[in-house]
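J.: Protein chains in written order, with this note's numbering: chain S, 1169 to 1284; chain A, 27 to 141.
Input: one structure, supplied below.
Now the structure itself:
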């Protein structure tokens, strides 16, 4: 079974621009969550989607948004980029957030975003 | 790699020895815990998980121990190999009536295996 895929793998943007990152979950998985990883803050939860609905949201400003499509693929968008948004953005998929014991998130390789 | 923080705790072990990585979690209401391994340039890789109604769970060469009294989690790796060198993260989660909350990650521990 193919793993979680993320595109692009690397991205360089300028302050003020916006960016869209894409994630394709493991086939059959309906839940997708996004995390930001930085050396200073570690792994921080952004949001989680299940069946096209946002189920949980972390403590990030409204510049960070996401969506999920009917095929479970997900995108996240960051508008008005700031230098501090430079990070590794990780996507994880899981089978179901409605079933006990299905908490295993399987991560993709991440998108390395650099804001200059 | 990009996953390593500036002040990550580091554990250095000899190849073949056993490793123990510790983690203190934050919320006494957390009822699900996961250990991940992250190698340089890669996303976190699932190792093992445990629910709060258990205090020990074993996998292949790995054991997770949970002490809810002191909110402590540990990962034991038997016969550590050079390929085990990575950053290890624990994560906790609170289930809400059958649904699941988000994973809260610890800061990570860097494991370095000396051949």
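We put the CB at the ideal spot given by N, CA and C, even for glycine.
1. Please report the straight-line C-alpha distance between residue 1265 of chain S and residue 1186 of chain S, rounded to a whole angstrom.
2. Might you give, ordered along the chain, the residues of its own chain that have their beta carbon closer than 7 Å to the beta carbon of residue 1238 of chain S, omitting 5 neighbours on each side?
3. Which residues, in order along the stretch 68-94 of chain A, keep a beta-carbon less than 9 Å from a beta-carbon of chain S?
4. Considering only the alpha carbon of each residue, which of A:112, A:91, A:97, A:86 lies closest to residue 38 of chain A?
5. From A:64, A:98, A:120, A:40, pick the residue whose C-alpha is nearest to that of residue 1274 of chain S; which is it?
6. Are the C-beta of residue 1229 of chain S and some C-beta of chain A separated by less than 7 Å?
7. What does residue 42 of chain A touch in chain S if you count any residue whose Cβ is under 8 Å from its own?
8. Mind checking which residues open and close the beta strand (DSSP E) that includes residue 83 of chain A?
9. Considering only the alpha carbon of each residue, which of S:1283, S:1277, S:1272, S:1281 lies closest to residue 1191 of chain S?
10. For residue 1284 of chain S, tell me which candidate among S:1249, S:1198, S:1260 has the shortest Cα-Cα distance.
11. How far does the beta strand (DSSP E) with residue 1234 of chain S in it reach, from first residue to last?
12. Put residue 1276 of chain S into one of helix, strand or coil per three-state DSSP.
13. Listing by chain order, which chain A residues have their CB less than 8 Å from the CB of residue 1201 of chain S?
T.: Taking the coordinates as given:
1. The sequence position of residue 1265 of chain S within the first chain is 97, counting from 1. The sequence position of residue 1186 of chain S within the first chain is 18, counting from 1. With a pLDDT of 48 at residue 1265 of chain S, under the threshold of 50, the modelled position of that residue is not reliable, and the figure given next carries that caveat. Going from the Cα of residue 1265 of chain S to the Cα of residue 1186 of chain S covers about 30 Å.
2. For the purposes of this step, residue 1238 of chain S is taken as the residue at position 70 of the first chain. Excluding its 5 nearest sequence neighbours in each direction, residue 1238 of chain S has C-beta neighbours in its own chain below 7 Å: 1220, listed in chain order.
3. For the stretch 68-94 of chain A, the residues whose beta carbon sits under 9 Å from a beta carbon of chain S are, in order, 68, 69, 70, 71, 72, 75, 77.
4. By one-based count along the second chain, residue 38 of chain A stands at place 12. Considering only alpha carbons, the answer is A:112.
5. As a first step, residue 1274 of chain S must be located in the first chain, where it is residue number 106. Checked all of A:64, A:98, A:120, A:40; the closest Cα to residue 1274 of chain S is A:64.
6. Your numbering for residue 1229 of chain S matches position 61 in the first chain. So, not an interface residue.
7. In the second chain, residue 42 of chain A corresponds to position 16, counting from 1. Near residue 42 of chain A there are no residues of chain S at all, since even the closest Cβ is about 29 Å away, more than 8 Å.
8. Counting from one through the second chain, the residue named residue 83 of chain A turns up at place 57. Following the DSSP letters along the chain, one finds residue 83 of chain A inside the beta strand (DSSP E) bounded by residues 82-84.
9. As a first step, residue 1191 of chain S is located in the first chain; it is residue number 23 there, counting from the start. Answer by Cα proximity: S:1277.
10. Start at 1 with the first residue of the first chain, and residue 1284 of chain S comes out as number 116. Ranked by how close their Cα comes to the Cα of residue 1284 of chain S, the residues S:1249, S:1198, S:1260 have S:1249 in first place.
11. Position 66 of the first chain, counting from 1, holds the residue named residue 1234 of chain S. First-last of the beta strand (DSSP E) with residue 1234 of chain S: 1232-1236.
12. Here residue 1276 of chain S is taken as the residue at index 108 of the first chain, counted from 1. In the structure shown, residue 1276 of chain S sits in coil (DSSP, three-state: anything other than H, G, I, E or B).
13. Numbered from its first residue, the first chain carries residue 1201 of chain S at position 33. Within 8 Å Cβ-Cβ: 128, 129.
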